[in-house]
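Here is the structure we will look at, set down as structure tokens.
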Amino acid sequence: MLFKLLPVIFLLAAPLYPQQNDETALATFSDPTRVWGNGVERVIEEAYRACFKTKIIGGKVMNLRMPFAQEGERDALTEEEWGFLEGGKGNPAFLWEKIDEVLGSPDFSLYVAALSDGKEKVLIFDLPSQSWTVTRDLFELARMKAGSYRGLPHRPYVFASGKGVEEQDVYNYLYCVGLTGMDCSGFVWHVLSSITKAAGTDLGQSLSRVLGVRKGDNPSRYAGTNFYNSKSSQIVPVENKISSLRPGDILLYRNENGGMAHSAIIQSVNLNNGIIRYLQCTDEAPLGERGVHESFIYFDPANTGAGLHDPSLVWTQARYPPFPGEKSRPFSDDGERFRAYPELGGGRIVRLKQVAAAIEKINRNKR
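Following the working numbering, the numbering of the sequence shown begins with 16 at its first residue and continues without gaps.
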């Protein structure tokens with residue numbers, strides 16, 4: 016993919032700046048304006064990058080992504096009260112501070128050691144108690160290898176080879192033990208807030224009355240997917256046509272009850288090359304993409320009148336269960352999910368008035 020090759024291009028271009036020191040050169044090549052210019056696409060990209068952090072764990076350099084945070088799909092069998100930090104609505108700066116504390120804990124060090132002892136094992140996580148245990152029972156190992164999964168939604172089972180910690184292992188710990196991350200609408204709110212902040216306004220303050228925010232509360236807790244799908248005067252329906260789409264538009268995916276189960280946000284629409292890049296936070300993705308990640312839609316540039324429900328579009332984002340062995344998801348990719356439940360209207364696209372005004376200001380002021 017074009018966008019996935021860009022970091023490689025940046026590195027290959029390094030010799031073009033021999034007068035700069037390494038740190039300055041790296042900052043230059045990683046500057047999002049090199050790709051996205053100074054408009055809203057850059058602002059959205061910066062908000063997206065705030066959800067990643069590079070760490071050295073177990074002697075390996077890892078580019079960690081913000082985990083997904085949603086207990087609603089996993090708490091049906093539990094009696095204990097439990098929930099993700101800030102209800103999945105925390106901002107990246109706050110969450111990374113808490114994540115650093117989790118990764119610096121003695122328990123996480125024990126976890127890394129268990130993953131690096133050279134022995135096969137099954138890790139059993141318990142989300143309500145934020146704990147993990149290990150079994151090397153031969154029958155449990157055989158079951159996992161044979162695809163006989165014995166985990167529960169709130170108690171995932173994970174096979175580990177003992178050959179060292181990987182990024183997906185860190186994700187599992189942050190999700191199951193740290194209970195840290197963003198849910199889908201929390202991530203969308205973070206991006207929308209970043210857009211209005213770049214234009215000099217506070218989205219939460221602007222919409223506090225509309226959202227019904229109580230004094231002292233975090234506005235993001237009120238701006239869930241139901242709000243984006245509401246009849247609020249602040250929500251503008253967008254025509255389901257590629258030529259009508261803009262950066263900052265919100266994609267909403269319907270559920271079997273007619274409501275909206277998931278939200279994502281468009282970062283760029285390239286009408287010339289036929290590429291839509293959208294961003295989201297979900298764990299229904301390949302192991303290496305769980306949490307905040309980029310996704311793409313490919314379309315024929317000669318047919319920008321097509322809607323996102325058009326089966327000719329290619330949605331590259333595959334959907335998998337969060338933990339290997341869990342029940343497969345009902346849709347194979349995001350496109351199938353967006354087109355689902357046509358009798359109820361299928362997926363839809365909306366735009367927030369406050370954000371649209373901020374985008375106009377940002378793009379008007381760009382150099």
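Virtual Cβ for every residue (Gly too), placed ideally from N, Cα, C.
Three-way DSSP call (helix, strand, coil) for Gly306 in this model: strand
With DSSP as the reference, please indicate the residues paired to Leu79 in a beta bridge. Lys68
Please work out which residues of its chain come closer than 7 Å, Cβ to Cβ, to Asn106, disregarding the five sequence neighbours upstream and downstream, and give them in chain order. His205
Buried or exposed (CB count within 10 angstroms, at least 16 for buried), Tyr243: buried
Distance, Cα to Cα, Lys342 vs Ala333? 15 Å
C-beta contact flag for Val173 and Glu155 at 8 Å: no
8 Å contact criterion, which Arg344 and Glu299 should meet: CB distance rounded: 5 Å
Mapping DSSP to helix, strand and coil, what is Leu328? coil
May I ask which residues mark the beginning and end of the alpha helix (DSSP H) holding Trp97? No alpha helix (DSSP H) contains Trp97, which DSSP labels as neither H nor E.
Please return the same chain residues whose Cβ sits closer than 6 Å to the Cβ of Gly383, not counting the five positions on each side in sequence. The structure shown does not extend to residue 383, since the chain spans only 16 to 382, so no value can be given for it.
What are the complete alpha helix (DSSP H) segments, minimum 4 residues, inside the segment 103–170? 107–118, 121–130 and 153–160
Kindly indicate which three-state DSSP category Thr297 falls into: helix, strand or coil? strand
Pick from Ala129, His169, Gly98 and Thr240: whose alpha carbon is nearest that of Glu181? Ala129
Note down the Cα distance separating Thr331 from Gly73, rounded to an integer number of angstroms. 32 Å
DSSP bridge partner residues for Ile312 (one or two, in chain order): Ile291 and Trp330
Alpha carbon of Met197 to alpha carbon of Leu100, nearest angstrom: 9 Å
Neighbour-count burial assignment, Val185, 16 or more Cβ in a 10 Å radius: buried
Contact set for Leu286: own chain, Cβ-Cβ below 8 Å, skip 5 residues either direction: Ile257, Ser258, Pro316 and Thr319
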